[in-house]
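J.: Quick note on numbering: the sequence shown equals residues 538 to 797 in this note's numbering.
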Amino acid sequence: MIGAVETIGATRSLGTIDLLLRDREVMLARIRHGDDVGALVRTMVVTIAIAMAIVGAALGSYRGGLQIGYAAIKLPLVLLGTAALSAPALTAIGAALGRRSRLASDLALVMAALAFGALLLAACTPLILLGRALELSYHEMILATVVMFAIAGLASLRMIVHALSLEALRHGTRDGASQRTLASGTVGWRSAVAGLCVVFTLVGGQLAWALRPYLVRPRTPEVPFVRALEGSLFDAVTGAFRSARGIYTRDEAPLPESDR
Numbered sequence: 538m539i540g541a542v543e544t545i546g547a548t549r550s551l552g553t554i555d556l557l558l559r560d561r562e563v564m565l566a567r568i569r570h571g572d573d574v575g576a577l578v579r580t581m582v583v584t585i586a587i588a589m590a591i592v593g594a595a596l597g598s599y600r601g602g603l604q605i606g607y608a609a610i611k612l613p614l615v616l617l618g619t620a621a622l623s624a625p626a627l628t629a630i631g632a633a634l635g636r637r638s639r640l641a642s643d644l645a646l647v648m649a650a651l652a653f654g655a656l657l658l659a660a661c662t663p664l665i666l667l668g669r670a671l672e673l674s675y676h677e678m679i680l681a682t683v684v685m686f687a688i689a690g691l692a693s694l695r696m697i698v699h700a701l702s703l704e705a706l707r708h709g710t711r712d713g714a715s716q717r718t719l720a721s722g723t724v725g726w727r728s729a730v731a732g733l734c735v736v737f738t739l740v741g742g743q744l745a746w747a748l749r750p751y752l753v754r755p756r757t758p759e760v761p762f763v764r765a766l767e768g769s770l771f772d773a774v775t776g777a778f779r780s781a782r783g784i785y786t787r788d789e790a791p792l793p794e795s796d797r
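(1) How would you call residue 704, buried or exposed, if buried means at least 16 neighbouring beta carbons within 10 angstroms?
(2) Return the chain-ordered list of same chain residues with a C-beta closer than 7 angstroms to the C-beta of residue 761, the five sequence neighbours on each side being excluded.
(3) In whole angstroms, what is the alpha-carbon distance linking residue 556 and residue 655?
(4) With a Cβ-Cβ cutoff of 8 angstroms, do residue 597 and residue 605 count as a contact?
(5) Give me the Cα-Cα distance between residue 642 and residue 571, rounded to the nearest whole angstrom.
(6) Which whole-angstrom value is the C-beta distance of residue 647 and residue 632, which I expect to be below 8 angstroms?
(7) Return yes when at least one heavy atom of the ligand PLP lies under 7 angstroms from the C-beta of residue 757, else no.
(8) Rounded to whole angstroms, what's the CA-CA distance from residue 608 to residue 592? Just pull it up for me.
(9) For a test of the three-state rule: what should DSSP assign to residue 755, helix, strand or coil?
(10) Give a yes or no on whether the C-beta atoms belonging to residue 753 and residue 600 are separated by under 8 angstroms.
(11) Would you mind stating whether residue 798 and residue 616 have Cβ atoms separated by less than 8 angstroms?
(12) Do residue 659 and residue 581 have their C-beta atoms within less than 8 angstroms of each other?
(13) Considering only the alpha carbon of each residue, which of 663, 602 and 620 lies closest to residue 736?
(14) With 16 other CB atoms within 10 Å as the buried threshold, where does residue 689 fall?
(15) Relative to the C-alpha of residue 757, which candidate in 626, 610, 675 and 553 has its C-alpha closest?
(16) In whole angstroms, what is the alpha-carbon distance linking residue 677 and residue 636?
(17) For residue 613, report the span of its alpha helix (DSSP H) as first-last.
(18) For residue 626 versus residue 691, is the C-beta spacing smaller than 8 angstroms?
(19) Would you please state the rounded distance, in angstroms, between the beta carbons of residue 653 and residue 589? I believe it to be under 8 angstroms.
Pasting the structure below:
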């Protein structure tokens, strides 16, 4: 009996993931109507954890050793932490604009969007392994990783923005609002979405920066689980871009004792 229940639960979870990939309009409608959002959130948590662990392990394989496990642990924490902190911001922004507070549905929306982005990143894992096989330089790998994460982040944000715009349109149409009211509401929702994008980007970027490193030079002698804070995420990205062009701020990375 227990095995049958577990099989049904696994089948539903796989169906939810398939829905996220194939028909996000139906997924958004399910979230909007509040249809079993608890089960949806649980499925998205597992999806994010597994997908980002795969991505983290792929990034960690550039250095190998403990870094594979470290990155596989930290990357899921970044996305889950981003969801936990961004969903209340979405609810608060909506409440300030007169939207009914729906923290559970907002959490489901953010989790679904991040799960979609995580699946996109997992699909890019072969590219990460290809870069490792081609022996791309550390800075080239950094830039490629930033591009992949930026694409996945934009896809996640697009899903959230689309869901909020549909909700605003349906709300205005249902209430029979005038054209002026609808226009005002549209401007308000665009401002709210812009604010959410800022929160989403800052929270995700700061968490990712605080839990770094994920990609480590192959010849690094020791790998820390978390590196001490220095500079900013923007400084790191611009530094990697300069280094990829051959402009270095130091002569070389540290070598293991045996290589000196």
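For each residue, glycine too, the CB sits at the ideal point set by N, CA and C. Just so it is clear, the structure is predicted and the values come from calculations on it, not from any experiment.
T.: So, from the data block:
(1) buried
(2) none
(3) Straight-line Cα distance between these residues: approximately 15 angstroms.
(4) yes
(5) 6 angstroms
(6) The pair is not a contact, with the Cβ atoms about 16 angstroms apart (cut-off 8 angstroms).
(7) The model on display carries no ligand, and the ligand PLP is accordingly not part of it.
(8) 8 angstroms
(9) Coil.
(10) Going by C-beta atoms, residue 753 is nearer than 8 angstroms to residue 600.
(11) The structure shown does not extend to residue 798, since the chain is modelled only from 538 through 797, so no value can be given for it.
(12) No, the pair does not count as a contact, with Cβ atoms beyond the cut-off.
(13) 620
(14) Residue 689 is classed as buried because its beta carbon has at least 16 other beta carbons within 10 Å across all chains shown.
(15) 675
(16) So the two alpha carbons sit approximately 45 angstroms from each other.
(17) 603–633
(18) Not in contact: residue 626 and residue 691 (Cβ atoms no closer than 8 angstroms).
(19) At roughly 12 angstroms, the Cβ-Cβ gap does not stay under 8 angstroms, so residue 653 and residue 589 are not in contact.
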